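**Student:** Residue numbers (full-length UniProt numbering): 1 to 157. Positions of the beta carbon are idealized from the N, C-alpha and C atoms, including for glycine. Model, not experiment: these values are computed from the prediction.
#1: Roughly how many whole angstroms lie between the Cα atoms of residue 140 and residue 30?
#2: Cα-Cα, which of 105, 136 and 57 is closest to residue 155?
#3: Pull up the distance between the alpha-carbon of residue 28 and that of residue 77, whole angstroms please.
#4: Mapping the DSSP letters down to three states, classify residue 127 as helix, strand or coil.
#5: What are the start and end residues of the alpha helix (DSSP H) that includes residue 147?
#6: Between which two residues does the alpha helix (DSSP H) harbouring residue 84 extend?
#7: Buried or exposed: which applies to residue 145, given that a residue is buried once 16 or more other Cβ atoms fall within 10 Å of its Cβ?
#8: In its own chain, which residues sit with a C-beta less than 6 Å from the C-beta of residue 152, not counting the 5 before and 5 after it?
#9: Within 10 angstroms of its Cβ, does residue 80 collect 16 or more other Cβ (buried), or is it exposed?
#10: Determine the burial state of residue 90: buried for a count of at least 16 other Cβ atoms within 10 Å of its Cβ, exposed for fewer.
#11: If you drop the 5 nearest sequence neighbours on each side, which residues of the same chain put their C-beta closer than 8 Å to that of residue 46?
#12: Buried or exposed for residue 124, going by 16 or more other Cβ atoms inside 10 Å?
#13: Just to confirm, is the Cβ distance from residue 61 to residue 37 under 8 Å?
#14: Give the range of the alpha helix (DSSP H) segment to which residue 62 is assigned.
Now the structure itself:
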């Protein structure tokens, strides 16, 4: 039961803050139209930058929405997004799927070129040294890249 006047969304937000979770940067990356919620169109736009092997089909995008859209309003709000990520209430790994799409060669690392391609697609102006610094920040090797956990560190900054 919620205390009087307190929504479950507020309680989830407060619980996330207590855990030290800040996944807003990752959420904002996928929220292409910046309206504060992720739609199927946002997911399509996100994955459009990674066409080729591993890019999800329409039915997979629909499945992602079904898994994450707990209130079934057709959108994934931040609290819903947070609840499906690894380490967040046993989440299903929506960001892990995004990582797999970014990891074009499937080696379990997002390398320099992968990150460069993504940042360019997302509209971020970054130089080579900036990308190398991001990889170092994520605990990765400049020559090989970063793991999934390293990518989450980069997105959290």
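**Tutor:** Based on what the coordinates show:
#1: 23 Å
#2: 136
#3: 11 Å
#4: coil
#5: That residue, residue 147, is in no alpha helix (DSSP H); it is neither H nor E in DSSP.
#6: Segment: none, residue 84 is in no alpha helix (DSSP H) and carries neither H nor E.
#7: buried
#8: none
#9: buried
#10: Residue placement at residue 90 is poorly supported in this model, since its pLDDT is 45, which falls under 50; the coordinates are not used for a value here.
#11: 29, 30, 32 and 98
#12: exposed
#13: no
#14: 58–68
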